[in-house]
Amino acid sequence: MGTTKAVTDASFATDVLKSEKPVLVDFWAEWCGPCRKVSPLLEEIAGEMGDQVTIVKVNIDENPETARAYRVMSVPTLTVFKNGEPVQSIAGAKPKGELVKLIESAL
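Numbering (my numbering), first residue to last: 10 to 116.
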């Protein structure tokens with residue numbers, strides 16, 4: 010518990026769509042400054058809420074299929090999936106409180 014997990018195009022269906030609990034997907038890229046700001050916040054949240062939600066990261070440069078499928082236009086884009094469906098999404102670096110609210114909306 011308490012760490013985010015890297016997910017690929019190949020493992021997305023298993024790790025996200027078939028998950029028993031809600032999943033927050035962080036669509037990010039290596040070159041993205043705001044993504045680096047969000048990353049430690051997501052690690053913190055994973056530590057605090059890991060029993061209620063799974064937090065995963067999808068590198069859009071290495072996994073373009075998934076990013077394209079969910080129409081990710083900018084990074085970071087954070088999308089909450091519940092029962093295999095995207096339920097809520099925000100783009101850009103946000104404060105921790107806003108990220109927690111996003112997750113709680115799916116619990």
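Ideal placement from N, C-alpha and C gives every residue a C-beta, glycine not left out. For clarity, every value in this text was computed on a predicted model and none was experimentally measured.
Here L111 is buried: its Cβ has 16 or more other Cβ atoms, across all protein chains shown, within 10 Å.
Secondary structure note for S98: its beta strand (DSSP E) is the uninterrupted segment E94 to A100. Cβ contact annotation for W37 (same chain, cutoff 8 Å, sequence separation greater than five): C44, V47, S48, K66, V67, N68, I69, V84 and P85, in chain order. Residue range K105 to E113 is occupied by the alpha helix (DSSP H) that includes K105.
A15 is classed as exposed because its beta carbon has fewer than 16 other beta carbons within 10 Å across all chains shown. Counting C-beta atoms within 10 angstroms of its own C-beta, T17 has fewer than 16 neighbours from the protein chains shown and is therefore classed as exposed.
By the neighbour-count criterion, in which a residue is buried when 16 or more other Cβ atoms sit within 10 angstroms of its Cβ, N92 is exposed.
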